[in-house]
Structure formats: structure tokens, C-alpha cells
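Note that our numbering has the sequence shown beginning at 1, numbered continuously upward.
The beta-carbon is built from N, C-alpha and C at its ideal position, and this holds for glycine as well.
A short worksheet on the structure shown next.
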Amino acid sequence: MGGKFYEDFVVSDTQEFGNYTVEKEEIIEYGEKYDPQPFHTDENAAEESAFGGLIASGLLTVGIGQRMLVENFIQGTRAKGSLGIDNLRWRHPVRPGDTLSMKTEIVEKEIWDDGFGVVSVSIEIHNQEGEIVASLIGLVRYERREERE
1 MGGKFYEDFV
11 VSDTQEFGNY
21 TVEKEEIIEY
31 GEKYDPQPFH
41 TDENAAEESA
51 FGGLIASGLL
61 TVGIGQRMLV
71 ENFIQGTRAK
81 GSLGIDNLRW
91 RHPVRPGDTL
101 SMKTEIVEKE
111 IWDDGFGVVS
121 VSIEIHNQEG
131 EIVASLIGLV
141 RYERREERE
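Here it is in C-alpha cells:
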């Protein structure tokens, strides 16, 4: 089994990837099921809100980001789950038709326990205008190569 181990990640390395267009229907569907606030579920009510229109739930935005992260950063590595998320912020509303992408930067590495290390990844989710719509630090657990030898 191949893939990047903990030791293969370098602090300050960056990557940019992703291209996901958010549809109005998924904003409403997610809002109705998980975050039933009017600015996520009702176009008319959303127009009267502080946002002036329909916006995606922040958790939907992070879920879309998670998909991009798995497909472009984690898949094919020796990742063994996450220990959590730090510093999650929603910085700009995501609207129907926005196209999201992601920038990652390795900000810290720490030996965690027998055979594993944690890679702290700064994540910014951007819209098509380059505005940061969400930011967070993901704590990803990876196998250590040296523990396998």
C-alpha cells in the first residue's frame, strides 16, 4: 500500500484545487433538512434578511470543502481520520451559482501517539472572485513511516 505518510508533509507547503459550483436546489435542500433558517430555505424571506438573498449554510460550505479536500489532498495518502477542526470561520456568504475552490497550507506537524502524527492544515475555501468564504485548521492523523519499518 502506497501513499504519503506523516513524514512526507512539509510545513509551509501549499496546494490549490477544486472547482465546485453550488446550486440553489442543494442550498435549499440542505437548509430544509439540517439548518432550517429562512435565508437558507426560502428565497423570498432570504431577500428580506441581512444577506439580501439566499445563502448556503456554513456547514454545507464546509461539507463541500471536505469533499474537495478528500478528493485532492487526502485520497491516496496514509490518512487515518481527523482529530477535529480548529478556528472555523464563515467569512463571506456562499450564494447560488458560486464556484468554490480551496487553498491548503501545512502549518504544523506533531507526533501524536504510537505510529501516528498529526498534520495541521490551514484551509481556505474561496469563491470565484477569490474571496475567502470559510477558513479553518484541519487536524489530520497520518501513519508514520518510521513506525512501520
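Item to check | Endpoints, the beta strand (DSSP E) within which Leu60 is located | outcome: The count along the sequence shown starts at 1 and reaches residue 60 at position 60. For Leu60, no beta strand (DSSP E) run applies; the uninterrupted alpha helix (DSSP H) run containing it begins and ends at 58 to 69, by DSSP.
Item to check | Assigned secondary structure, Thr41 (DSSP; H/G/I helix, E/B strand, else coil) | outcome: Residue mapping note: residue 41 aligns to position 41 of the sequence shown, counting from 1. If DSSP states are grouped into helix, strand and coil, Thr41 belongs with the helices.
Item to check | Cα-Cα separation, Val22 to Ala45 | outcome: On the sequence shown, residue 22 is found 22 positions in, with the first residue counted as 1. On the sequence shown, residue 45 is found 45 positions in, with the first residue counted as 1. About 20 Å.
Next on the checklist: Pairs of beta-carbons, one from the segment 44 to 58 and one from the segment 119 to 128, closer than 8 Å: are there three or more?
Outcome noted: Here the segment 44 to 58 does not lie against the segment 119 to 128, with fewer than 3 beta-carbon pairs under 8 Å apart.
Checklist entry - Taking C-alpha atoms, which residue in Met102, Phe51, Val62, Gly115 lies nearest to Lys80? => result Along the sequence shown, one-based indexing puts residue 80 at 80. Lys80 has its Cα closest to that of Gly115, out of Met102, Phe51, Val62, Gly115.
Item to check | Cβ-based burial, Arg78 [other Cβ within 10 Å; buried from 16] | outcome: Position 78 of the sequence shown, counted from the start, is the residue given in the question as residue 78. So Arg78 ends up on the buried side.
Item to check | Asn19, buried or exposed, once every other Cβ within 10 Å from all chains shown has been counted against 16 | outcome: Counting from 1 along the sequence shown, the entry for residue 19 is found at position 19. The residue in question, Asn19, is exposed, as its Cβ has fewer than 16 Cβ neighbours within 10 Å.
Next on the checklist: Using the Cβ count rule (16 or more neighbours within 10 Å means buried), how would you classify Asn127?
Outcome noted: The residue labelled residue 127 in the question sits at position 127 within the sequence shown. The residue in question, Asn127, is buried, as its Cβ has 16 or more Cβ neighbours within 10 Å.
Next on the checklist: Check whether the segment 128 to 141 and the segment 87 to 102 are in contact - that is, three or more C-beta pairs closer than 8 Å.
Outcome noted: Yes, they touch.
Next on the checklist: From the DSSP secondary-structure annotation, give me the bridge partner or partners of Leu136.
Outcome noted: What you label residue 136 is simply residue 136 of the sequence shown in a count that begins at 1. DSSP output for Leu136 lists Ile123 as bridge partner(s).
Next on the checklist: Quick check on Lys4: does DSSP put it in helix, strand or coil?
Outcome noted: Walking along the sequence shown from the start, residue 4 turns up at place 4. The DSSP-derived three-state label of Lys4 is coil.
Checklist entry - Going by DSSP, which residues form a beta bridge with Ser101? => result Mapped onto the sequence shown, residue 101 falls at position 101. In DSSP, Ser101 forms a bridge with His126.
Next on the checklist: Going by the DSSP bridge assignment, what does Ala79 pair with across the sheet?
Outcome noted: As a working note, residue 79 is residue 79 in the sequence shown. Note: Ala79 sits in a beta bridge opposite Tyr142.
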